[in-house]
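Q:
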Amino acid sequence: MTPTDFIQAHRDAVLIRAGALNPNAPICHPQAAAVAVSAEPLLPALAKFCSDLADSRRGASAAVRAKGSGFSTPDFGNALADAVRVVTQARMAAHMRHEIFCKPMPVVDYKPQRFPMLAIGADLEFLGESSEAPEAMVSDEAGALAGLGRYGRNVLISRPVLINDDIGLIMATFENFGTAAARVEAKLAYALIESNVVLSDGEAMFDPLQGNVLASALAESTLGTAMGMLRAMPDPFGETLDHDPAVLVVEGALELLARRLVREAGLELEVVASSRLPSGRWYLLPNPEVAPVIGVLRMAGSKSPVSIDAGRDDLGRDGTLIAVRANAAVVPLNRIAIKGGA
Numbered sequence: 202m203t204p205t206d207f208i209q210a211h212r213d214a215v216l217i218r219a220g221a222l223n224p225n226a227p228i229c230h231p232q233a234a235a236v237a238v239s240a241e242p243l244l245p246a247l248a249k250f251c252s253d254l255a256d257s258r259r260g261a262s263a264a265v266r267a268k269g270s271g272f273s274t275p276d277f278g279n280a281l282a283d284a285v286r287v288v289t290q291a292r293m294a295a296h297m298r299h300e301i302f303c304k305p306m307p308v309v310d311y312k313p314q315r316f317p318m319l320a321i322g323a324d325l326e327f328l329g330e331s332s333e334a335p336e337a338m339v340s341d342e343a344g345a346l347a348g349l350g351r352y353g354r355n356v357l358i359s360r361p362v363l364i365n366d367d368i369g370l371i372m373a374t375f376e377n378f379g380t381a382a383a384r385v386e387a388k389l390a391y392a393l394i395e396s397n398v399v400l401s402d403g404e405a406m407f408d409p410l411q412g413n414v415l416a417s418a419l420a421e422s423t424l425g426t427a428m429g430m431l432r433a434m435p436d437p438f439g440e441t442l443d444h445d446p447a448v449l450v451v452e453g454a455l456e457l458l459a460r461r462l463v464r465e466a467g468l469e470l471e472v473v474a475s476s477r478l479p480s481g482r483w484y485l486l487p488n489p490e491v492a493p494v495i496g497v498l499r500m501a502g503s504k505s506p507v508s509i510d511a512g513r514d515d516l517g518r519d520g521t522l523i524a525v526r527a528n529a530a531v532v533p534l535n536r537i538a539i540k541g542g543a
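Count along the sequence shown starting at 1, add 201, and that's the number in the working numbering.
What follows is the structure in structure tokens.
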């Protein structure tokens, strides 16, 4: 195998041993399955190869690296980062239920920017044979200001863990960081919807005068009332929006009741439960792609809000440093939702 083949095969073999990659998957290196079932300790073998490769690049006259120094080479760090990135992002994705009621909002950098509330009179008027079409002005409110926040931690994997080829421990560690990355954004989303912020029109997101507060416990009758309230909500020009209810968000203790109500009524509602809401709280929202209430900021072109890369350890410690970074921010977009709970 070429050096690239060797590194990719061992990287994929690590994932196979961890149960995170199917050896028959098209993306899996063709030699990875054979490497994975061998008796070879994968991480020390990869480190030795990376050390030898680094020596060959430096030339014959350069001093030979100390035995076992391959764990600190960029090739080894990048290969290990590639492997743990898979399990980190998979675990994060499993804890992103809040995305169901939020709309991704792409941004190009970390600078704060405005997210305006759209205001346009969208009624179409009947046109006679010789009449002219009336104009509609597109305008916006000032909008909420939001910018991506950066969160992270540097993780030093010690030499004994690497020498012992403790792949299970390493993968479990980074799965936990995947959960943590999802938790950062989830906390922001639930805190925002509960904070009842003032929107750019100067009015609170939820207020009885806005027709979007139902101070009643979740039940079949109150869910029906909330569905009617959601449909009856007007746009800024007073026209009824008639939105289909799509997501029922409830605090954790209401999850069983919420799922039962939805199932028995045959409703096409997605139930999202969270312990981050206060006791008795529930929300009914439309499809976020149709009428977004909460936006989650996403770096444009990025496949995931969490990134895993080889880190640089300026302290020269014994092991491999992996950098975990997550981008997260939320922004209020409108009030087209019903807030329930006594």
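Idealized CB from N, CA, C, for every residue including glycine.
Starting from the Cα of Asp-367, find the closest Cα among Lys-304, Ala-219 and Pro-307 and give me that residue.
A: The residue labelled residue 367 in the question sits at position 166 within the sequence shown. Looking from the CA of Asp-367, the closest CA among Lys-304, Ala-219 and Pro-307 belongs to Ala-219.
Q: What is the DSSP secondary structure of Asn-397, counted as helix, strand or coil?
A: The residue you call residue 397 lines up with position 196 of the sequence shown. Coil.
Q: Taking the beta strand (DSSP E) that Ser-475 falls in, what are its first and last residues?
A: Reading the sequence shown from its first residue, position 274 is the one you call residue 475. Taken as a continuous stretch (DSSP letters only), the beta strand (DSSP E) holding Ser-475 covers 471-475.
Q: Can you give the Cα-Cα distance for Val-385 and Gly-481, rounded to whole angstroms?
A: For the purposes of this step, residue 385 is taken as residue 184 along the sequence shown, with counting starting at 1. For the purposes of this step, residue 481 is taken as residue 280 along the sequence shown, with counting starting at 1. Their backbone Cα atoms lie some 23 angstroms apart in a straight line.
Q: According to DSSP, is Cys-251 helix, strand or coil?
A: Counted from its first residue, the sequence shown places residue 251 at position 50. Helix.
Q: Curious, which full-length alpha helix (DSSP H) runs of at least 4 residues does the region 409-434 contain?
A: Within the region 409-434, the complete alpha helix (DSSP H) runs of at least 4 residues are 421-433.
Q: Considering only residues of the same chain and omitting the five flanking positions on each side of Glu-490, which have a CB-CB separation below 7 angstroms?
A: As a first step, residue 490 is located in the sequence shown; it is residue number 289 there, counting from the start. Taken in chain order, the residues that qualify are Lys-304.
Q: For the region 506-515 against the region 397-414, are there 3 or more C-beta pairs whose distance is under 8 angstroms?
A: At 8 angstroms Cβ cutoff, the stretches do not touch.
Q: Can you name the start and end residues of the alpha helix (DSSP H) that Leu-462 belongs to?
A: Here residue 462 refers to the residue found at position 261 of the sequence shown. First-last of the alpha helix (DSSP H) with Leu-462: 456-466.
Q: Pairs of beta-carbons, one from the region 345-357 and one from the region 513-529, closer than 8 angstroms: are there three or more?
A: yes
Q: How far does the alpha helix (DSSP H) with Gly-278 in it reach, from first residue to last?
A: Your numbering for residue 278 matches position 77 in the sequence shown. Looking at the DSSP string, the run of the alpha helix (DSSP H) that includes Gly-278 is 275-294.
Q: Determine the contact status of Val-497 and Val-463, defining contact as a CB-CB distance below 8 angstroms.
A: Position 296 of the sequence shown, counted from the first residue, corresponds to residue 497. Position 262 of the sequence shown, counted from the first residue, corresponds to residue 463. Cβ atoms of Val-497 and Val-463: not closer than 8 angstroms.
Q: Relative to the C-alpha of Val-288, which candidate in Gly-348, Leu-216 and Cys-251 has its C-alpha closest?
A: For the purposes of this step, residue 288 is taken as the residue at position 87 of the sequence shown. Selected option, being the one with the closest Cα: Leu-216.
Q: By Cβ distance, which residues of its chain are closer than 7 angstroms to Phe-407, with the 5 residues on each side in sequence left out?
A: As a working note, residue 407 is residue 206 in the sequence shown. Same-chain partners within the cutoff: Asn-397, Asn-413, Val-414, Arg-536 and Lys-540.
Q: Below 8 angstroms on the Cβ atoms is my guess for Phe-277 versus Val-473; work out the distance and round it to an integer in Å.
A: As a first step, residue 277 is located in the sequence shown; it is residue number 76 there, counting from the start. As a first step, residue 473 is located in the sequence shown; it is residue number 272 there, counting from the start. Between Val-473 and Phe-277 the Cβ distance is about 41 angstroms, and since that is not below 8 angstroms, they are no contact.
Q: Would you check if the distance between the CB atom of Pro-487 and the CB atom of Asp-515 is smaller than 8 angstroms?
A: Residue numbering aside, residue 487 sits at position 286 when the sequence shown is read from its first letter. Residue numbering aside, residue 515 sits at position 314 when the sequence shown is read from its first letter. Cβ distance not < 8 angstroms, so Pro-487 and Asp-515 don't count as in contact.
Q: Between which two residues does the alpha helix (DSSP H) containing Leu-216 stretch?
A: Taking the first residue of the sequence shown as position 1, residue 216 is located at position 15. It spans 204-218 - the alpha helix (DSSP H) in which Leu-216 sits, taken as one unbroken run.
Q: DSSP three-state call for Met-372: helix, strand or coil?
A: Counting from 1 along the sequence shown, the entry for residue 372 is found at position 171. Helix.
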